Amino acid sequence: MKKLSLKIIAVTLTMFVLTACEKSETDSIKSIDGTYIGTLTDLNGLKSEMLISAKENATANITKIDDKTIEVHMSSNNLDTIFLLNYYEHRDSVNVCYTGDDFENMYGHMLGQGHMDGGMMNDMRKDETEWMHHMNDEHQDSDEHFGGFEMQTHTFGYQLNMMDGTNSYTLKFQGNRE
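Numbered per mature numbering (1 follows the signal peptide of the UniProt record, and there is no 0), the sequence shown spans residues -20 to -1, 1 to 158.
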């Protein structure tokens, strides 16, 4: 009887350790919510009359909207903007991509068209990450993406392509989770 009890305890402990160490995509996705404190840098080195001169302190508040969309509220002394992005787990990071009209304007087709052109929903291969699946279904090799989250360092970086009248310029946010 004592040996049976020890076996039950050993099996229970083994199961507990295995489930406690299991990393799920949901855990990583939950951990992107929050406030990121960092800097906003003008990558063009040009002074925009409406925005920053070179580098300034900035904040990005990230809120999960649904199971694949986040709201980013980015603010600094001279910038206050809110935009939506889709997010995709990729190993130790979570990458982001445009959504809705922004996706269509950037890439020339509607998000989900990869499935409409013969692909199937929920057709992700076992060894494929969400990001790899998104890239295979929705993008060309030359398509650009502009940021994401590094889960081990708890950082968020994002490049904003902006317009000031007829002049375009690029701002880069880089921040650490508070």
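Ideal placement from N, C-alpha and C gives every residue a C-beta, glycine not left out.
A quick note: this is a predicted structure, and the numbers were derived from the prediction, not measured.
Query: May I ask which residues mark the beginning and end of the beta strand (DSSP E) holding Asp60?; Result: 60 to 70
Query: When the Cα atoms are used, what is the spatial distance from Lys152 to Asp22?; Result: 7 Å
Query: Ends of the beta strand (DSSP E) at Asp22?; Result: 14 to 22
Query: Do you know how far the Cα of Ser11 is from the Cα of Leu20?; Result: 22 Å
Query: Are the CB atoms of Leu64 and Thr77 within a distance shorter than 8 Å?; Result: Here the sequence assigns Cys to residue 77, which means Thr is not the residue at that position. Against a cut-off of 8 Å, the Cβ pair of Leu64 and Cys77 comes out as no contact.
Query: At the level of alpha carbons, what is the spacing between Thr146 and Gly92?; Result: 32 Å
Query: If we call anything under 8 Å between Cβ atoms a contact, is Asp13 one with Lys48?; Result: no
Query: Under 8 Å between the Cβ atoms of Asp72 and Gln132?; Result: yes
Query: Which value, in whole angstroms, describes the spacing of the CA atoms of Glu69 and Glu110?; Result: 5 Å
Query: Does DSSP put Gly92 in a helix, a strand or coil?; Result: coil
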